[in-house]
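K.L.:
Quick one: the structure is below, questions incoming.
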Amino acid sequence: MQTRPFRNRLTATALLAAAGLLANGIAAAADEMTVYKTEYCGCCDGWIDHVRDEGFSVTAHDVDFQALSDMKRDGGLSPEHGSCHTTWVNGYLIEGHVPADAIRQLLDDAPDIIGLTAPGMPAQSPGMVSGNRFSGFDVLAVDQQGASSVFKRY
Ligand SMILES: [Cu+2]
777 MQTRPFRNRL TATALLAAAG LLANGIAAAA DEMTVYKTEY CGCCDGWIDH
827 VRDEGFSVTA HDVDFQALSD MKRDGGLSPE HGSCHTTWVN GYLIEGHVPA
877 DAIRQLLDDA PDIIGLTAPG MPAQSPGMVS GNRFSGFDVL AVDQQGASSV
927 FKRY
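Per my numbering, the very first residue in the sequence shown carries number 777; after that it's consecutive.
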């Protein structure tokens, strides 16, 4: 009987430790992205540097143009919403030069959409411009029907 409170306390500590590990595991997964791009895309590499600087862990794959186009289409992105590289993070599609803070907001809000895009290649976006002053473009949210709305203005 003397040992029971001690053992209960141990169990509670073990459970808290396990919960902490689990929470960390989920947070880590949300910070992991997979980027698909074509081999000679310099601005794609610039964007990868930006999101890495902002704390995301990035795995990048070079694929051919057709495979990349097919992935965008299969992911539910219409051609007018396209850019260069396509990224997956926590089940969301991120198209092109979307700033990291918009991606953080997406992961925090977790809306029921396909993902975000910065259509085309905005001149003052991460990977296109040096530094961290992004302006003159909109990041769009793309829904399951392929329709877009402004998610964040820069
Ligand atoms: Cu680009």
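Glycine is no exception: its CB is placed at the ideal position from the N, C-alpha and C atoms. Every value quoted in this text rests on a predicted model; they were computed, and no experiment measured them.
Looking at C-alpha atoms only, which residue of 902, 898 and 897 is the closest neighbour of residue 879?
P.N.:
Nearest of 902, 898 and 897 to residue 879, Cα basis: 902.
K.L.:
Alpha carbon to alpha carbon, how far is residue 882 from residue 915?
P.N.:
If I take the Cα positions, the gap works out to 11 Å.
K.L.:
Rounding to the nearest angstrom, what Cα-Cα distance links residue 886 and residue 920 in this structure?
P.N.:
Answer to the nearest angstrom: the Cα atoms are 14 Å apart.
K.L.:
Using a Cβ-Cβ cutoff of less than 8 Å, which residues in the same chain neighbour residue 905 once the five nearest sequence positions on both sides are dropped?
P.N.:
Contacts found: 899.
K.L.:
According to DSSP, is residue 889 helix, strand or coil?
P.N.:
Residue 889 falls in the coil class under three-state DSSP.
K.L.:
So, does the stretch 845-852 touch the stretch 826-834, judging by three or more C-beta pairs under 8 Å?
P.N.:
Output reads no: the stretch 826-834 does not touch the stretch 845-852.
K.L.:
Is residue 861 near ligand 1, judged by its Cβ being under 7 Å from some heavy atom?
P.N.:
True, at least one ligand heavy atom lies under 7 Å from that Cβ.
K.L.:
One question on the structure: do residue 749 and residue 838 come within less than 8 Å of each other, judged by their Cβ atoms?
P.N.:
With the chain covering only 777 through 930, there is no way to say anything about residue 749.
K.L.:
Going by CA-CA distance only, name the one from 834, 909 and 924 that's closest to residue 895.
P.N.:
Residue 895 has its Cα closest to that of 924, out of 834, 909 and 924.
K.L.:
Which full runs of the beta strand (DSSP E) of 3+ residues lie inside the stretch 819-853, going along the chain?
P.N.:
For the stretch 819-853, whole beta strand (DSSP E) runs of length 3 or above, ordered along the chain, are 833-838.
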